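Read through the structure below, which is laid out as structure tokens, and then see the notes.
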Amino acid sequence: MRKMGIFCRVRMKKYNSFRGEVGRIAPNLLERDFKADKPNQKWVTDVTEFALFGTKLYLSPILDLFNGEIVSYNLSYHPNLNQVTDMLEKAFAKIPDNTNLILHSDQGWQYQHRHYQKMLKDKRIRQSMSRKGNCLDNCLGSAKKSL
């Protein structure tokens with residue numbers, strides 16, 4: 021190949037953030053029912069990566085399914101646990117205790133972390149997770165397109 025001037029193209033391995041099961045997987049309480057009758061009844065969250073001026077940024081919003089309002093968000097250079105816990109603390113400041121709220125997410129490692137789950141439990145928020153690898157169970161993907 022070298023004599024003929026032929027070179028093989030080396031493919032870069034794609035980054036995969038999958039860390040396996042980190043903690044407890046919550047049941048899917050929403051069951052694709054993405055409508056809410058009142059504010060602070062059903063929230064959805066996810067972490068989205070996007071590039072801005074050649075830099076990767078990670079957006080973690082919480083959306084209220086009643087009206088699509090962004091309840092809280094955090095923007096970070098790295099997807100880490102502090103990003104989602106800071107976002108939660110900002111959201112908690114806006115609601116009273118015992119709201120019987122459901123917070124739905126995918127099965128990302130941040131949402132399986134025991135500290136994140138304890139924060140929800142302490143505030144009496146019910147955690148809901150979509151099924152593994154099923155984007156239809158998480159409506160935030162389509163909601164983010166309108167952001």
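The C-terminal position of the sequence shown is numbered 167 in the working numbering, with every residue numbered one higher than the one before it.
Glycine included, every Cβ here is placed at the ideal spot set by N, Cα and C.
Remember, it's a predicted structure, so these values are computed and weren't measured experimentally.
According to the DSSP secondary-structure assignment, Q147 is paired through a beta bridge with L123. Relative to the Cα of L123, the nearest Cα in the group K138, M149, R52 belongs to M149.
When beta bridges are read from the DSSP output, T105 appears opposite no residue. Beyond the five residues adjoining it in sequence on each side, L79 comes within less than 6 Å, by CB distance, of T68, L95 in the same chain, given in chain order. Counting every other CB atom within 10 Å of its CB across the protein chains shown gives D126 a total of 16 or more, marking it as buried. Here the C-alpha atom of K55 lies approximately 48 Å from the C-alpha atom of R29. DSSP places K76 outside any alpha helix (DSSP H); the residue lies instead in the beta strand (DSSP E), whose first and last residues are 75-84.
A46 counts as buried, since no fewer than 16 other beta carbons sit within 10 angstroms of its beta carbon.
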